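Undergrad: Numbering (our numbering), first residue to last: 10 to 159. Just so it is clear, CB atoms sit at the ideal spot from N, CA and C, and this is done for glycine as well. From a predicted model like this one, the values you see are computed outputs, not experimental measurements. Sharing a structure with you now.
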């Protein structure tokens with residue numbers, strides 16, 4: 010098993026939680042980010058700043074013979090991960106599935122259309138809480154357990 014982290018926008022606390030859980034289960038964690046982000050770690054890959062470079066590096070590394078978890082906030086990347094028969098989870102603990110990804114992509118597109126039309130102004134994300142970290146840790150633990158003990 011391997012865990013890839015789309016580290017371009019993943020909160021630092023999510024990285025800490027992921028690394029701690031992965032160490033408990035002896036699972037390698039590989040972070041991938043563009044050169045625009047400084048991520049420290051023994052298993053970090055930097056890619057150029059081209060659009061989608063991080064996403065494409067993650068997708069190219071997924072092997073069908075190795076159970077793979079990808080941590081990302083990017084619905085588009087999550088859809089590609091699911092198409093490769095791997096697993097994707099958000100930093101908030103949302104498990105992306107074939108049942109929910111189409112709706113998430115639709116909502117993203119609809120919001121983008123409203124923003125482009127000037128009809129709505131989006132606020133940034135709310136501050137991350139301890140409860141967010143706990144929910145993410147629990148959902149990641151559940152996913153790891155389900156893959157280790159099907």
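Around the Cβ of residue 34, are there at least 16 other Cβ atoms within 10 angstroms (buried) or fewer (exposed)?
TA: Working through the chain shown from its first residue, we reach residue 34 at position 25. Exposed: under 16 other Cβ atoms inside 10 Å.
Undergrad: Opposite residue 59 in the DSSP bridges: which residues?
TA: Working through the chain shown from its first residue, we reach residue 59 at position 50. For residue 59, which the question treats as bridged, DSSP gives no partner whatsoever.
Undergrad: Let me check one thing: in DSSP terms, what residues is residue 77 bridge-paired to?
TA: As a first step, residue 77 is located in the chain shown; it is residue number 68 there, counting from the start. 11.
Undergrad: Indicate whether residue 17 and residue 46 have their beta-carbon atoms separated by less than 9 Å.
TA: If you number the chain shown from 1, residue 17 lands on position 8. If you number the chain shown from 1, residue 46 lands on position 37. Contact flag set, yes.
Undergrad: Determine which residues share a DSSP beta bridge with residue 96 and list them.
TA: On the chain shown, position 87 is the one that residue 96 refers to. Answer is 78, bridged to residue 96.
Undergrad: Which stretch, first to last residue, makes up the alpha helix (DSSP H) that contains residue 43?
TA: Looking up residue 43 in the chain shown gives position 34. Where residue 43 is concerned, there is no enclosing alpha helix (DSSP H), although the beta strand (DSSP E) it sits in stretches over 38-43.
Undergrad: What's the C-alpha gap between residue 64 and residue 27?
TA: For the purposes of this step, residue 64 is taken as the residue at position 55 of the chain shown. For the purposes of this step, residue 27 is taken as the residue at position 18 of the chain shown. Each residue's alpha carbon lies about 19 Å from the other.
Undergrad: Please state if the CB of residue 153 and the CB of residue 41 are separated by a distance shorter than 9 Å.
TA: Position 32 of the chain shown, counted from the start, is the residue given in the question as residue 41. Position 144 of the chain shown, counted from the start, is the residue given in the question as residue 153. No, they are not a contact pair.
Undergrad: If you draw a straight line from the C-alpha of residue 85 to the C-alpha of residue 146, how long is it?
TA: Your numbering for residue 85 matches position 76 in the chain shown. Your numbering for residue 146 matches position 137 in the chain shown. Roughly 23 Å separates the two Cα atoms.
Undergrad: In chain order, what residues of the same chain have a beta carbon less than 8 Å from the beta carbon of residue 113, not counting five sequence neighbours either side?
TA: Taking the chain shown and counting its residues from 1, the one referred to as residue 113 is at position 104. Only 84, 87, 105 meet the Cβ criterion.
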